[in-house]
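Residue numbers (the working numbering): 2 to 428.
Positions of the beta carbon are idealized from the N, C-alpha and C atoms, including for glycine.
Here the structure is a predicted model, which is why all the values come from computation and not from measurement.
First up is the structure itself, then whatever we jot down about it.
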Ligand code: ACO
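Written as structure tokens, this is what we have:
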């Protein structure tokens, strides 16, 4: 196998080492490029650039493979609990029973937030988007907890991780309760992590909370499927914010803002809104397919296409089956599921989508399940954030432990040069 790559610039040959990953990926190590040649690389959107070496998640977009720490996403979605997967992502190994018990009990210990946070929540109008509220409340956590972590101290790191894992679902629950006008409630240490998520979101003030195994299983699966996805937009944001040695909560708050956009996590909300619009318009999927293909129309088929997957998103396959199961088991008939299936069928045999390798992504079917569970549309991306939390933590921890340098890209300057300053009267 080649060990390096050579290139010639101004008649001089430069050699750069190749870096290999454990799944046979190859990259060119250009750390010395600018020092040796004076050149930088230009790669908008980082379509060809690796920002780090990472041992957390592997994905092969061409083959449609996704693994967390070496375990296939199918196996984890079928046979693991979200908290086990969180532990796996963050600490590198699946927990033993004793480790899991301690992890859960340490989370229980921290599962309370300062009452003053309620004042901040109260000051948001009811119409505020839940993602904006969640980002603000997460950022506000820094005011009530140590703002920085000594990454050299295993104990401090562990405590920060347990703290955010414990408090975040409370913030998620409160965000939903704000939207629904329900009184705020707390974590119940007698319940499991995922059961608590459901309890904090759905418990009504006038009745007991009874856990529904179908809801818990669906939530567990969705959270696992969203738990990490290597260097995506929000995770790269978390890593780059953390690379300035900003604290864990502040970095995660930035990640939430990045996730909010409709080209990233916000797509799950956009998909349901699109499916609803198609239904309202009479259900003519062909009309919307034509709009998606029309370059003069800004409309895109939301939930289709992915920067990395040029094959079926393995998460979408699992979610599609789960959507069918959940709707059947809860006895819900949702016409938008049929519209979604119709659109998928058309897109998979349409040359525009086939040629560009545009397949359904994780967001295409997830909203249909969230809706069936009674989660409001504006809350879908919040659910994504809850699932992604362990991934953000794992990537932040890895970045700090590897002592990565501050993220600071270069540019090619294309602005004006050497302008002469005139006094304001002469401009
Ligand atoms: N509908 C119609 N055309 C599309 C779509 C779509 N959903 N996605 C990509 N295309 C077309 C583009 O117009 C472009 O066509 P061209 O080559 O003729 O110019 C080509 O496919 C390549 O698309 P890019 O935008 O260059 O691909 P990129 O990798 O930059 O973007 C993205 C990926 C943002 C996900 C894009 O496919 C998209 O906007 N999809 C819809 C939004 C969405 O579902 N986002 C969720 C992604 S998953 C996640 O973040 C959890």
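Within 10 Å of its beta-carbon, does residue i have 16 or more other beta-carbons around it, so buried, or fewer, so exposed?
i           : result
residue 3   : exposed
residue 346 : exposed
residue 364 : buried
residue 113 : exposed
residue 367 : buried
residue 244 : buried
residue 46  : exposed
residue 409 : exposed
residue 360 : buried
residue 206 : exposed
residue 287 : exposed
residue 99  : exposed
residue 10  : exposed
residue 401 : buried
residue 425 : exposed
residue 164 : buried
residue 422 : exposed
residue 21  : exposed
Find the nearest neighbour of residue i within the set the options, judged by alpha-carbon distance.
i           : options               : result
residue 26  : 48, 33 and 54         : 54
residue 196 : 103, 213 and 248      : 213
residue 44  : 419, 422, 413 and 418 : 413
residue 231 : 332, 310, 303 and 179 : 310
residue 398 : 224, 93, 113 and 379  : 93
residue 332 : 216, 240, 276 and 289 : 216
residue 204 : 273, 171 and 13       : 171
residue 175 : 387, 143 and 406      : 387
residue 68  : 408, 173 and 392      : 392
residue 131 : 80, 302 and 385       : 385
residue 63  : 340, 394, 418 and 307 : 307
residue 188 : 167, 182 and 87       : 167
residue 352 : 56, 293, 250 and 281  : 293
residue 227 : 74, 401, 13 and 56    : 74
residue 105 : 375, 190, 22 and 299  : 190
residue 146 : 249, 133, 66 and 155  : 249
residue 58  : 65, 70, 48 and 80     : 70
residue 156 : 107, 269 and 377      : 107
residue 377 : 224, 297 and 273      : 273
residue 14  : 21, 23, 37 and 24     : 37
residue 348 : 149, 12 and 304       : 304
residue 179 : 282, 123 and 144      : 123
residue 72  : 65, 89, 373 and 181   : 89
residue 115 : 48, 152 and 186       : 186
Within a Cβ cutoff of 7 Å, which residues of the same chain sit near residue i, ignoring the five residues on either side of it in sequence?
i           : result
residue 29  : 6, 17 and 19
residue 162 : 91 and 394
residue 237 : 52
residue 239 : 252, 253, 255, 256, 393, 396 and 397
residue 279 : 286, 289 and 340
residue 234 : 259 and 265
residue 269 : 364, 367, 368, 381, 382 and 385
Could you spell out the range, first to last residue, of the beta strand (DSSP E) harbouring residue i?
i          : result
residue 5  : 5–10
residue 18 : 13–21
residue 66 : 66–69
residue 29 : 27–29
Who are the near neighbours of residue i in its chain, counting only those whose CB is closer than 6 Å to its CB and skipping five residues on each side?
i           : result
residue 222 : 78 and 323
residue 41  : 35 and 411
residue 390 : 169
residue 316 : 226 and 363
residue 302 : 293
residue 194 : 84
Could you check where the alpha helix (DSSP H) with residue i kicks off and where it finishes?
i           : result
residue 241 : 234–243
residue 61  : That residue, residue 61, is in no alpha helix (DSSP H); its beta strand (DSSP E) goes 58–61.
residue 139 : 131–145
residue 319 : 315–331
residue 301 : Residue 301 -> no alpha helix (DSSP H), and no H or E assigned at all.
residue 111 : 98–111
residue 252 : 249–261
residue 81  : Here residue 81 belongs to no alpha helix (DSSP H), and DSSP marks it neither H nor E.
residue 179 : 155–181
residue 389 : 381–402
residue 213 : No alpha helix (DSSP H) contains residue 213, which DSSP labels as neither H nor E.
residue 309 : Per DSSP, residue 309 belongs to no alpha helix (DSSP H) and is neither H nor E.
residue 341 : 336–349
residue 352 : 352–356
residue 365 : 364–373
I want to check one thing, is the minimum distance from the CB of residue i to the heavy atoms of ligand 2 below 8 Å?
i           : result
residue 383 : No copy of ligand 2 appears in this structure; the ligands present are ligand 1.
Give every residue of the same chain whose Cβ lies closer than 8 Å to the Cβ of residue i, excluding the five residues on either side of it in the sequence, and list them in chain order.
i           : result
residue 192 : 200 and 212
residue 375 : 203
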